[in-house]
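Data block below; observations after.
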Amino acid sequence: MLGIPTEVMVHRLGFDPGYKLIRQKLRNHSIKKLIIVKEEVKRLLDAEFVREVQYPDWLSNIVLIKKRNGNWRICVDFTNINKACPKDSFQLPRIDQLVDSTIGYKLLCFMDAYSGYNQIRMDPGDEEHTSFMTYQGTYCYKVIPFGFKNVEATYQCLVNKMFEAQIRRNVEVYVDDILVKSRNDRDHVRDLEKTFQVLRARRMKLNPTKCAFGITSEKLFDFIVSQRGIEASPEKIRAIFDMNPSWTVKEIQKLTGRLAALSRFLAKSAEKYLPFFRALRGSKASRFRWTDKCEEAFQELKIHNAKLRAYREHEGRQQHVYYMSRVLTDAKTWYPHMERIALTLIYYARKLRPYFQMHQIVVLTDQPLKSILYKPETSKRLVKWAIELDEFDPEELKLVECSRVDPECRWILHTNRQRSRSRAQNSSKIKYLVELTFPATNNVAEYEAFLAGLCFAKECSARALVVHSDSKLVEVLQVNEDDNWITPYRRYLTDGTLPTNADEAKLIKKTASWYVIIDGRLYRLGYSTPYLKCLAPEEAKYALSEIHLGIYGSHIGGKTLRSRSCGKDFSGSR
């Protein structure tokens, strides 16, 4: 085999020369395995993959591994020399992104490099460090052997250079696995021709028994990929159904590992797996008990796994679904309800960051998430999360607050300790605590609780509200506000709505970072001043009139009037 030209790629160990040299002792093998070793070494010598060597500094034992097709592969125990080699920082592609990149392509072609690592030569100065011993003699590798550290990074670097013009367009490569994808028959022939030209130029050989051409569906990284989307592998599902019913700690660990491969297809997977994790927590083999809850959860998982789907029907169209789930532990379990909702968004943004950067993400929530995240007096944790989300453009990440409850349904507000227990049986209860930092009578406290309840009900999109209070409040008058210069900012900061006029929309987006909504009012941020309350035209006229005539009692000039109005935390009509 010719292999990859040395001017294109070679593998270097780069190990620490000051590391202690280790020569392993020869291990014993059965007669059957010794015959296999002899035949395999002869094959490697004929292929010029190995050569004989004397007095090597490093010496390792061989390990026989049986392949799926029944053949044997000779590997070497490079545990000691791997410890002396630094970690290559070259990153491999994300498997989930490679799998998702196949969606929507009509024809797929899967190719596998023949003895992939063996096609790249070792650096001549590092060949003797790969020495291994057999009963026939001592040999070293002239090509990359299996089991060496950083070989995946070296191979990935090679294929990235080879298919630089095709990757992310019609080719995806993960180490020695090559995928050619095309949207129609005509493009598929042209894409294959270009791919074979690259392979021929770099002298890379393929394994014909592991190649599949012009297919519409195939297994890729334990997933079934097709034009329709991504589906769970039947082998993974069958492995769960065929598990041994005599449950032990080891069997439970196998179960959780197999379930992890199917978690993206299962809604609320962490909740469904929780009985197994609780059974494993702190249990030893002698004290492990398979409880009734575990058996019930396992039977439910069988039902769900039997009908796993990677898409769902919505308005006559199939939409792809990616489920994610997580169990809160330690201090996170004590987070307030709204912070846990925000943590969910942060977790999604971190896990699915490439998708957030490439597509427009619309977050539908029945909670006032946007107003909580961008409230100035919020906790430091929420401030940090809000800054993290600022990485994404508001046009790409939209927080749309929509209530799952009928807005016309009746909400009940209690501002004292009395509660309606009969209504709470089939309804949701939300407790809201207000702390007053000033002396107040009972009636004033009732007023404050009433106002806080109104604000919270507004955030929950409630329209019909029944208030139970002991205060002397009789009637609430509604004040209708006309659209003014505040309205575009309020709409943009609340739900991301921009004016239809392009110039006005550009101005709003440019200056919106200076404004914030607090308790339904618009405030402007100042350099060294407190938040400036933005006033509508009528309010601004009244405020300026009071400063000019009433409060200060002197007819001051325009500049002084403006500075004093800003000192009073007002930002008037423009």
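Take 88 as the starting number for the sequence shown in the working numbering and just add one per residue.
Every residue gets a Cβ at the ideal spot worked out from N, C-alpha and C, and that includes glycine.
| query | Short check: CB of Phe165 to CB of Phe235, under 8 Å? | reply | Translated into the one-based positions of the sequence shown, residue 165 becomes position 78. Translated into the one-based positions of the sequence shown, residue 235 becomes position 148. In this structure, Phe165 places its C-beta atom within 8 Å of the C-beta atom of Phe235.
| query | Just the Cα atoms here: how many angstroms apart are Leu609 and Ser458? | reply | Sequence index remark: in the sequence shown, residue 609 carries index 522 (1-based). Sequence index remark: in the sequence shown, residue 458 carries index 371 (1-based). Their backbone Cα atoms lie some 12 Å apart in a straight line.
| message | Can you tell me where the alpha helix (DSSP H) holding Cys542 begins and where it ends? | response | By one-based count along the sequence shown, residue 542 stands at place 455. Here the alpha helix (DSSP H) through Cys542 covers 529-546.
| message | Once DSSP output is grouped into helix, strand and coil, what is the label at Arg99? | response | Looking up residue 99 in the sequence shown gives position 12. The three-state reading of DSSP puts Arg99 in coil, since its state is none of H, G, I, E or B.
| query | Candidates Ile122, Cys162, Trp145: which alpha carbon is nearest Lys107's? | reply | The count along the sequence shown starts at 1 and reaches residue 107 at position 20. Looking at the Cα atoms, Trp145 is the closest of the given residues.
| request: Give the straight-line distance between the Cα atoms of Cys298 and Ala348, rounded to the nearest whole angstrom. | output: As a first step, residue 298 must be located in the sequence shown, where it is residue number 211. As a first step, residue 348 must be located in the sequence shown, where it is residue number 261. Their backbone Cα atoms lie some 24 Å apart in a straight line.
| If you compare alpha carbons, which of Val238, Glu426, Phe385 is closest to Lys174? | For this step, residue 174 is matched to residue 87 along the sequence shown. From the listed residues Val238, Glu426, Phe385, the smallest Cα separation to Lys174 is found for Val238.
| message | Can you tell me whether Ser600 is buried or exposed? The criterion is at least 16 other CB atoms within 10 Å of its CB, across all chains shown. | response | If you number the sequence shown from 1, residue 600 lands on position 513. Exposed is the call here.
| task | Could you spell out where the beta strand (DSSP E) holding Met198 opens and where it closes? | result | By 1-based counting over the sequence shown, the position of residue 198 is 111. First-last of the beta strand (DSSP E) with Met198: 194-199.
| field | Cβ distance (whole Å) where Val140 is taken to contact Thr221 below 8 Å | value | Here residue 140 refers to the residue found at position 53 when the sequence shown is read from its first residue. Here residue 221 refers to the residue found at position 134 when the sequence shown is read from its first residue. At roughly 12 Å, the Cβ-Cβ gap does not stay under 8 Å, so Val140 and Thr221 are not in contact.
| request: Examine the Cβ distances between the region 94-101 and the region 150-165 and report whether three or more of them are shorter than 8 Å. | output: No, the region 94-101 does not touch the region 150-165.
| From Asp325 to Cys542, what does the alpha carbon distance come to, in whole angstroms? | As a first step, residue 325 is located in the sequence shown; it is residue number 238 there, counting from the start. As a first step, residue 542 is located in the sequence shown; it is residue number 455 there, counting from the start. The amino acid occupying residue 325 in the given sequence is Arg; Asp does not appear at that position. The alpha-carbon atoms of Arg325 and Cys542 are separated by roughly 53 Å.
| request: Please determine, among Asp187, Glu251, Gly540, Leu469, the residue with the shortest C-alpha to C-alpha distance to Trp498. | output: Translated into positions along the sequence shown, residue 498 becomes position 411. Measuring from the Cα of Trp498, the nearest candidate turns out to be Gly540.
| Can the beta-carbon of Phe363 be found less than 8 Å from the beta-carbon of Leu342? | One-based indexing of the sequence shown puts residue 363 at position 276. One-based indexing of the sequence shown puts residue 342 at position 255. In contact: Phe363 and Leu342 (Cβ atoms closer than 8 Å).
| task | Starting from Val246, follow the beta strand (DSSP E) in both directions and report where the run begins and ends. | result | Along the sequence shown, read from residue 1 onward, the residue named residue 246 stands at position 159. Taken as a continuous stretch (DSSP letters only), Val246 belongs to no beta strand (DSSP E), being part of the alpha helix (DSSP H) at 238-249.
| said: I'd like the list of long-range same chain contacts for His391, defined as Cβ closer than 8 Å, with 5 residues on each side in sequence excluded. | reply: Position 304 of the sequence shown, counted from the first residue, corresponds to residue 391. Around His391, the same chain offers Leu353, Lys359 as residues with beta carbons nearer than 8 Å, after the five sequence neighbours per side are excluded.
| said: Here's a check: name, in chain order, each residue in its chain whose Cβ is nearer than 7 Å to the Cβ of Cys381, leaving out the five neighbours to either side. | reply: Position 294 of the sequence shown, counting from 1, holds the residue named residue 381. Counting only Cβ-Cβ distances below 7 Å, and skipping sequence neighbours, we find Pro362, Phe363, Ala366.
| task | Take Ile265 as the anchor and find which of Met198, Glu127, Met291, Val276 has the nearest alpha-carbon. | result | The residue you call residue 265 lines up with position 178 of the sequence shown. Closest by alpha carbon: Met198.
| Cβ-based neighbour list, Arg468, same chain, cut-off 7 Å, excluding 5 preceding and 5 following | Residue numbering aside, residue 468 sits at position 381 when the sequence shown is read from its first letter. These residues qualify, in order along the chain: Glu426.
| request: For the beta strand (DSSP E) holding Glu318, just list the boundary residues, first then last. | output: Within the sequence shown, the letter at position 231 stands for residue 318. Going by DSSP, Glu318 is part of the beta strand (DSSP E) stretching over 317-319.
| field | Under the three-state DSSP convention, the category Gly613 falls into | value | As a position in the sequence shown, residue 613 is number 526, starting the count at 1. Three-state result, Gly613: coil.
| task | Can you tell me which of Arg550, Val262, Asp477 puts its alpha carbon nearest to the alpha carbon of Pro180? | result | If you number the sequence shown from 1, residue 180 lands on position 93. Taking only the C-alpha atoms, the option nearest Pro180 is Val262.
| query | Run through DSSP, which three-state label would Ala354 get? | reply | Here residue 354 refers to the residue found at position 267 when the sequence shown is read from its first residue. Coil.
| query | Are the CB atoms of Tyr204 and Phe250 nearer to each other than 8 Å? | reply | Residue mapping note: residue 204 aligns to position 117 of the sequence shown, counting from 1. Residue mapping note: residue 250 aligns to position 163 of the sequence shown, counting from 1. No, these two residues do not count as a Cβ contact at 8 Å.
| field | Short Cβ contact (8 Å threshold) for Ile207 with Ile91 | value | Taking the first residue of the sequence shown as 1, we reach residue 207 at position 120. Taking the first residue of the sequence shown as 1, we reach residue 91 at position 4. Result yes, Cβ atoms of Ile207 and Ile91 sit closer than 8 Å.
| request: Output the boundary residues of the beta strand (DSSP E) element that contains Cys162. | output: Stepping through the sequence shown from its first residue, residue 162 is reached at position 75. Per DSSP, Cys162 belongs to the beta strand (DSSP E) from 159-163.
| Using CA coordinates, which residue listed in Phe328, Gln111, Leu121, Leu538 is at the minimum distance from Asn148? | In the sequence shown, residue 148 corresponds to position 61, counting from 1. Residue Gln111 holds the alpha-carbon nearest to the alpha-carbon of Asn148 among Phe328, Gln111, Leu121, Leu538.
| message | By DSSP's criteria, Val299 is part of a beta bridge. Which residues make up the other side? | response | In the sequence shown, counting from the first residue as 1, residue 299 sits at position 212. What sits at residue 299 in the sequence shown is Ala, not Val. Answer by DSSP bridge pairing, in chain order: Phe197.
| Using the C-alpha atoms, what's the distance from Ile517 back to Ala511? | Position 424 of the sequence shown holds residue 511. Position 430 of the sequence shown holds residue 517. Low local confidence applies: a pLDDT of 46 at Ala511 is under 50, so the model's placement there is unreliable, and no value is given.
| Alpha-carbon spacing of Leu552 relative to Ala319, whole angstroms | Reading the sequence shown from its first residue, position 465 is the one you call residue 552. Reading the sequence shown from its first residue, position 232 is the one you call residue 319. Straight-line Cα distance between these residues: approximately 47 Å.
| Limits of the unbroken alpha helix (DSSP H) element including Ala630 | Residue numbering aside, residue 630 sits at position 543 when the sequence shown is read from its first letter. It spans 624-632 - the alpha helix (DSSP H) in which Ala630 sits, taken as one unbroken run.
| Separation of Ala536 from Val492, as counted between CA atoms | Taking the first residue of the sequence shown as 1, we reach residue 492 at position 405. Taking the first residue of the sequence shown as 1, we reach residue 536 at position 449. In this prediction, Val492 scores a pLDDT of 49, lower than 50, which makes its location untrustworthy; the coordinate-derived value is nonetheless stated afterwards. Those two C-alpha atoms are separated by around 23 Å.
| query | For Glu214, is the classification buried or exposed, using 16 other Cβ atoms within 10 angstroms of its Cβ as the cut-off for buried? | reply | Counted from its first residue, the sequence shown places residue 214 at position 127. Counting of Cβ neighbours within 10 angstroms places Glu214 among the buried residues, the total reaching 16 or more.
| request: Report buried or exposed for Phe219, applying the criterion of at least 16 other Cβ atoms within 10 angstroms of its Cβ. | output: Here the question's residue 219 lines up with position 132 in the sequence shown. Classification for Phe219: buried.
| said: With DSSP as the reference, identify every bridge partner of Glu305, one or two as the case may be. | reply: Numbered from 1 along the sequence shown, position 218 holds the residue referred to as residue 305. DSSP, once it has assigned bridges, lists Val312 as partnering Glu305.
| query | Can you give the Cα-Cα distance for Lys125 and Asn257, rounded to whole angstroms? | reply | Locating residue 125 in the sequence shown gives position 38, where the first residue counts as 1. Locating residue 257 in the sequence shown gives position 170, where the first residue counts as 1. So the two alpha carbons sit approximately 43 Å from each other.
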